[in-house]
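Heads up, the thing below is written out as structure tokens.
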Amino acid sequence: MKKLLVSSLTLILSFSTTSILAEPKMNHADMNNMDPKVDTLDQQISHSAIGTVTKVDASSKKVTLAHEPVESLSWPAMTMGFSVKDEALLTKLKVGETVDFEFMKVEQGYVITEVK
Ligand SMILES: [Cu+2]
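Position 77 of the sequence shown, counted from 1, bears residue number 112 in this note's numbering, the numbering being contiguous throughout.
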């Protein structure tokens, strides 16, 4: 009986791990709902991250990046869209390149302010 309990616990644990891993594209609206205070503090604060460019839409000045975890925002690694503050930054954002970038929260999402 005890053995059965242990194995069902193991099963439950592996199930929850799987569902966490299955959702790397958690969206930031959900994150903000989890902690609205952080959202307010984020305004005007610049964050740095490392990410690989997966898509560039030059006409709308938007890029999609698969970024590494961002400690200052408690973000896990994920793929998401950013807008670009300056058109000149697009020359540094090419699909397939990994960049070191800075971004800020704005009303409509997140905007990249600098690319190193
Ligand atoms: Cu993100």
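Beta carbons are placed, not taken as given, at the ideal position from N, Cα and C, and that holds for glycine.
It should be emphasised that the depicted structure is a prediction, and the values quoted were computed from it without experimental measurement.
Between the CA atoms of residue j and residue i - distance to the nearest angstrom
i	j	result
A123	A112	26 angstroms
S118	Y145	6 angstroms
V91	L128	7 angstroms
T148	E106	18 angstroms
H102	T114	6 angstroms
M139	H82	6 angstroms
V98	P104	18 angstroms
E142	G116	14 angstroms
Q79	E137	12 angstroms
L100	S109	17 angstroms
T89	V134	11 angstroms
G86	K96	17 angstroms
D121	A84	18 angstroms
Residue i CB to nearest heavy atom of ligand 1 below 6 angstroms
i	result
M139	no
Buried versus exposed call for residue i [16 or more other C-beta atoms within 10 Å across all chains shown]
i	result
G131	exposed
A151	Strictly speaking, residue 151 in this sequence is Lys, with Ala absent from that position. By the neighbour-count rule (16 or more Cβ atoms within 10 Å), K151 is not buried but exposed.
A93	exposed
First through last residue of the beta strand (DSSP E) which encompasses residue i
i	result
S118	M113 to V119
K90	S81 to D92
T148	G144 to V150
V98	K97 to H102
V141	T133 to V141
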